[in-house]
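Right, one structure below, let's go through it.
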Amino acid sequence: MFATITAIAIILLTAATIGLFAMVGELASRVDSLTAHQDDSPSGGAVHDWADPLEDFVPGNNPEWYPGELISVEDSPCALLVILSTSCQSCSRFAEQNFSELDGLPCHLGFIISCPTVERGQKFVRNYPTLASRSSVYIDAMGEWTRDQLGLDVSPSAVVLQAGRPAAAFTMSSPNQLAAVVDQHLATDRETA
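Okay, here's the thing in structure tokens:
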């Protein structure tokens, strides 16, 4: 009897350990990509501004619909949607910064705030004056529209739309770096057209 109980306990512990390792692996894959851009110094390092293309992004998938707050983005020849999350520290740092470089792009600028509830998204927007003054801000409860229509589940990130169709996507730490990489993308696109 004792051997049976011991065997069952060992099996349960093994299953729990495997489950724990799977969860740790999933968590590690979701860790903010910001840590990849830190110095290797003993103090944890200073964070550098960066912007990188999203590797898993598939351009050209046209969203089936746009929320009312983003209709002007859909109708624009060029638009940039910045996706921020209320539960993302990097997103808060991004929202605190000056958007003048983004405003200088030849794209209509819109924001998507991914959040667990509409109320939490509205509070996030109110907390950052740079967002509160924007006309194209969509509060995306549970991130459903961003995930279902754009195929993105990463923040902070941004999508370049050309004639309403997603053309490129990036993850970034600052508006300045995002503006630089989007400007480079648009210049390359003009050269190939």
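For the sequence shown, this note's numbering gives the first residue as 1, with consecutive numbering after it.
In this text, a Cβ means the ideal position worked out from N, Cα and C, and glycines have one as well.
Please go through the stretch 87 to 155 and give each complete alpha helix (DSSP H) segment of 4 or more residues, from N-terminal end onward.
89 to 95, 100 to 103, 118 to 127, 129 to 132
8 Å contact criterion, which Ala141 and Thr117 should meet: CB distance rounded:
6 Å
If we call anything under 8 Å between Cβ atoms a contact, is Gln162 one with Ala51?
no
Residues near Tyr138 in its chain [Cβ-Cβ closer than 6 Å; skip 5 each side]:
Pro67, Glu69, Leu70, Ile112
So, at 7 Å on beta carbons, what are the nonlocal neighbours of Leu150 in its own chain, with the 5 sequence-adjacent residues on each side left out?
Pro63, Val159, Pro166
Please report the residue range of the beta strand (DSSP E) in which Pro166 lies.
165 to 172
Reference Ala79, options Phe94, Asp183, Thr4, Pro129, closest by Cα:
Asp183
Per DSSP, what kind of secondary structure is Leu54 in: helix, strand or coil?
coil
Ser76: first and last residue of the uninterrupted beta strand (DSSP E) it sits in
Run containing Ser76: none; DSSP gives neither H nor E here.
Extent of the continuous beta strand (DSSP E) run through Leu161
157 to 162
Under 7 Å Cβ to Cβ from His185, same chain only, skipping five residues before and after it: list those, please.
Val160, Ala168
How would you write the range of the alpha helix (DSSP H) that Asn176 sits in, first residue to last?
175 to 192
Could you pull out every residue in the same chain whose Cβ sits closer than 6 Å to the Cβ of Ala180, ignoring the five residues on either side in sequence?
none
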